[in-house]
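In this note's numbering, the protein residues as written are 166 to 264.
Okay, structure coming up:
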């Protein structure tokens with residue numbers, strides 16, 4: 166079992182990996198995340214999160230936008246969701262440092 170799970174800081178800037186694509190599947194009537202030989206069917210919240218992953222917004226920015234849309238947004242849940250997708254290589258997380 167893997168224990169070196171990636172962690173994302175509030176300053177991380179997630180974006181879709183080159184090998185991944187977010188699209189709407191009309192037959193499922195759901196958003197899906199496509200990767201080589203894989204399909205992840207997303208719920209509405211997951212799709213909303215991924216639509217904000219543009220490499221410009223930070224994790225903190227994404228949580229702030231989601232907090233405006235939904236009543237209850239937990240930083241840990243958003244970070245955990247993104248970290249799992251980084252671990253599976255659907256997302257890349259850019260770390261920006263000052264200086």
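Using N, Cα and C, we set each Cβ at its ideal position, and we do this for glycine too.
May I ask you to list the residues that DSSP assigns as paired with residue i?
i           : result
residue 195 : 190
Is DSSP giving residue i helix, strand or coil here?
i           : result
residue 251 : helix
residue 257 : strand
residue 230 : helix
residue 236 : coil
residue 215 : helix
residue 200 : strand
List the endpoints of the continuous beta strand (DSSP E) containing residue i.
i           : result
residue 174 : Where residue 174 is concerned, there is no enclosing beta strand (DSSP E), given that its DSSP letter is neither H nor E.
Inter-stretch contact (C-beta, 8 Å, three-pair minimum) for the stretch 172-181 and the stretch 238-256: yes
Meets three-Cβ-pair contact criterion under 8 Å: the stretch 188-203 and the stretch 219-232: no
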